[in-house]
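Mapping of the sequence shown onto the numbering used here: position 25 corresponds to residue 98, and the numbering continues sequentially without gaps.
All C-beta atoms in this analysis are idealised placements derived from N, C-alpha and C, irrespective of residue type, glycine included.
A quick write-up on the structure given underneath.
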Amino acid sequence: MRRLNHPVYRNRLGQILADAALVALAYFLAFQLRFLDDPHGWPHRYELLFAQSVGFVIAGKLIVFAVCGMYQKWWRYVSGRDFLLIARAVAISSALLVIAFAIVNPFDHRLPRSVEVIDFLFTLILVAGARLLVRLVVERPSKGARVPKHEVLVVGAGSGGQMVVRELRLNPALGATAIGFVDDDPRKRGMRMIGGIKVLGSTDEIAPILDETDPDEVIIAIPSAPGTLRAKVVAACRERRIRVRTLPTVFELLRGGVQLSRQLRDVQVEDVLGREPIVVELDRVGAYLHDKIVLVTGAGGSIGSELCRQIARVNPKLLVMLDHAEDNLFEIEREMLDERHFTNAESVLADCREPHRMLETMQRFKPDVVFHAAAYKHVPLMEANPLEAVRNNAIATRITAETAAAAKAERFVLISTDKAVNPKTVMGASKAMAEWIVEVAGHTHPGTRFASVRFGNVLASSGSVVPIFRGQIERGGPVTVTHPEMTRYFMTIPEAVQLVIRAGDIGAGKGEVFVLDMGEPVKIVDLAHNMIRLAGYEPERDIAIEFTQPRPGEKLSEVLFSVNEVAQPTAAKRINRAVRTTPLEPAWVDSTLSSLEAMVLAGDEANLAERVVDLIAAPGGNAAKVGLDE
């Protein structure tokens with residue numbers, strides 16, 4: 074009884090009762106119309122037939138309606154697709170009743186065929202019409218409501234744009250009204266869409282459309298819109314001091330709530346980078362993780378936490394989230410349980426640098442797949458702390474890979490970085506070593522498929538340039554850029570992670586290095602300009618840009634392949650393979666890492682730093698051996 078008091082069930086009961094009344098009315102009207110011209114009215118036998126069969130007709134049709142899913146949505150939210158469902162359900166129910174009356178006929182008289190046809194038409198009209206009427210009444214602004222003064226121009230007349238307009242109409246309290254659409258589909262030009270709102274032109278005409286309509290706000294309602302389109306709209310609006318907001322991206326929509334008005338956000342820098350968004354069919358490419366035990370190291374970090382979110386979507390048997398940072402691990406655990414309601418997760422507070430703890434963890438959970446995302450990444454900090462850079466990025470990778478193989482893991486995937494290519498820093502060298510470890514492990518542990526995934530910067534990760542610039546802008550500047558010609562590759566965290574998951578299922582598992590296609594590099598100074606303008610300021614006039622010197626070991630531009638590697642395409646879109654021209658010598662790698670590990674254990678920071686520098690500057694033949702060059 075308590076369950077029936079829930080609003081959902083009360084609503085369904087009300088819908089069923091309403092449909093019962095409408096079905097009965099349609100059945101009555103069918104008889105009434107059939108005998109409309111009869112001066113004596115209904116023949117007595119048909120009055121008796123109606124009285125005997127009306128309950129049977131109501132019950133039969135309601136059962137079919139329920140089976141067809143007509144009570145899974147409130148009437149106020151019905152759409153064109155739902156009306157097709159209604160038509161199918163009414164047709165099926167009417168056909169079944171015709172068959173029942175023709176074959177079984179539990180009543181004293183047969184139902185006239187004209188009544189059957191008329192009943193079908195009336196049932197369709199009444200059942201569909203009632204739902205349409207409810208929607209129209211609900212969406213109609215109240216008479217006492219003040220006419221909104223906040224005028225909105227919507228970019229995109231597809232499903233996203235129509236949802237925005239519908240939301241504005243349903244919620245007068247938002248104080249906004251749509252005045253027109255902008256859409257690049259030439260077939261839609263001049264058409265009137267939902268609510269009679271007209272498509273005014275394409276995004277190439279955005280400037281004159283803005284001048285003519287003078288909206289208070291522009292909403293970009295295309296979740297998959299490329300950065301070039303967003304940048305075009307933002308630039309035109311910025312010149313006219315018009316606020317721009319956008320629907321979330323595809324990735325954000327998958328995470329977001331239901332109410333569209335709460336999902337609208339201001340345009341961010343990643344929206345206007347001018348690169349096409351990468352969309353991966355995660356259910357398909359991540360199918361190898363379904364019903365598997367998956368362990369993620371560094372689960373509380375930027376990449377690790379997103380890995381956890383994406384892996385949870387493909388329903389693993391168990392997701393083991395491992396991190397040595399208590400606060401980070403707590404946050405991702407809370408998110409998984411409280412926000413995503415994902416319960417097949419286990420949090421492990423552990424350090425990848427501790428062999429006994431990692432072996433214990435691997436043997437306890439026996440993961441099928443391991444994603445190793447734990448690493449130190451801040452270049453200047455690692456230059457000042459080479460012991461920790463080598464210990465955490467190289468030695469910890471060695472420990473994690475060996476313990477995963479000992480636990481008979483099926484796959485091991487290392488998250489690497491473009492700074493491992495021709496490294497000029499201790500951090501880059503330590504990540505290059507991690508790639509060597511994985512490559513060698515792929516040959517020495519054939520029972521486990523090993524791979525590394527290499528990519529450039531990810532937007533909005535902890536300590537990256539985007540949050541640094543954002544903080545500087547909030548403080549009034551200046552925004553500091555190390556060099557006017559400095560460039561970097563950028564990708565959003567969800568994009569990078571989905572490609573990492575895809576890369577985990579390709580290749581022979583011999584420690585191959587897979588490189589994500591990051592698109593074109595972005596000048597950091599251009600990024601700074603965009604972020605300042607998106608914040609509503611003008612570079613140099615409102616917020617100053619100051620150029621500092623590149624930090625120790627920092628390169629003006631990053632590359633994704635070394636001079637000792639050849640890029641080869643793979644079957645996966647946007648993923649290439651880095652093939653060494655000279656294979657690694659496992660014995661040399663092992664002895665080198667063992668000597669470095671001895672220095673770390675001894676705390677010999679000076680000799681370690683010198684040794685790492687020697688590896689970085691390895692001349693000629695050694696460079697070919699170890700994958701490093703000058």
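- Separation of Asp364 and Val387 (C-alpha to C-alpha, rounded to the nearest whole angstrom) is 8 Å.
- Ranked by Cα distance from Ile574, the first of Asn637, Gly359, Ser275, Arg522 is Gly359.
- When rounded, the separation of the alpha-carbon atoms in Phe620 and Val554 is 5 Å.
- The beta carbon of Tyr610 lies closer than 8 Å to those of Ile546, Ile616 in the same chain, with the five residues before and after it left out.
- Lys305 sits buried, since 16 or more C-beta atoms from the chains shown fall within 10 Å of its C-beta.
- Rounded to the nearest whole angstrom, the C-alpha separation of Val96 and Thr196 is 6 Å.
- Between the beta-carbon of Ala507 and that of Thr476 there is about 15 Å, and that puts the pair past the 8 Å contact cut.
- Per the DSSP secondary-structure output, Leu391 pairs in a beta bridge with Ile366.
- Looking only at Leu362, Leu368, Ala168, Thr654, the smallest Cα-Cα distance to Gly133 is reached by Ala168.
- Collapsing the DSSP output to three states places Ser525 in a strand.
- Looking at the backbone, the Cα of Asp411 and that of Arg653 are separated by about 45 Å.
- DSSP, reduced to helix, strand and coil, places Phe587 within a strand of the structure shown.
- The DSSP-derived three-state label of Val238 is helix.
- Take Ala249, set aside five residues on each side of it, and the residues of its chain with a beta-carbon closer than 6 Å to its own are Pro221, His223, Val225, Leu241, in chain order.
- For the pair Val452 and Met409, the CB atoms are not nearer than the 7 Å cut-off.
- Annotation: the region 433 to 467 contains the following complete segments of the alpha helix (DSSP H) (minimum length 4 residues), in chain order: 452 to 457, 459 to 463.
- Annotation for Ala230: no alpha helix (DSSP H) segment contains it, and DSSP assigns it neither H nor E.
- In the three-state scheme derived from DSSP, where H, G and I count as helix and E and B as strand, Met559 is classed as coil.
- Residue burial is scored here from C-beta neighbours: Arg118 has fewer than 16 other C-beta atoms within 10 angstroms and is therefore classed as exposed.
- The C-beta separation of Ser525 from Val511 comes to about 5 Å, placing the pair in contact by the 8 Å criterion.
- Ranked by Cα distance from Ala418, the first of Gly377, Ala124, Leu368, Phe444 is Leu368.
- Secondary structure note for Gly128: its alpha helix (DSSP H) is the uninterrupted segment 117 to 140.
- A check of alpha carbon separations from Pro459 across Phe634, Val636, Glu678 identifies Glu678 as the nearest.
- Counting other Cβ atoms within 10 Å of its Cβ, His518 reaches 16 or more and is therefore classed as buried.
- Contiguous alpha helix (DSSP H) elements confined to the region 265 to 297 occur at 279 to 286, taking only those with 4 or more residues.
- Relative to Val140, the option among Met394, Leu158, Gln622, Leu669 whose CA is nearest is Leu158.
- In the three-state scheme derived from DSSP, where H, G and I count as helix and E and B as strand, Val662 is classed as helix.
- For Phe485, the enclosing beta strand (DSSP E) begins and ends at 484 to 490.
- One Cα belongs to Met394, the other to Asp257, and the distance between them is close to 44 Å.
- Assignment of Ser635 by DSSP, reduced to helix, strand and coil, places it in the coil class.
- His556 is positioned such that its CB atom lies no closer than 7 Å to that of Pro496.
- By the Cβ neighbour-count rule, Ile295 is buried, with 16 or more other Cβ atoms within 10 Å of its own.
- Between Thr643 and Ile566, the CB-CB gap reaches or exceeds 7 Å.
- Residue state for Ser187 is assigned as helix, using DSSP reduced to three classes.
- Val552 sits buried, since 16 or more C-beta atoms from the chains shown fall within 10 Å of its C-beta.
- Within the DSSP bridge table, the entry for Arg316 names Glu290 as partners.
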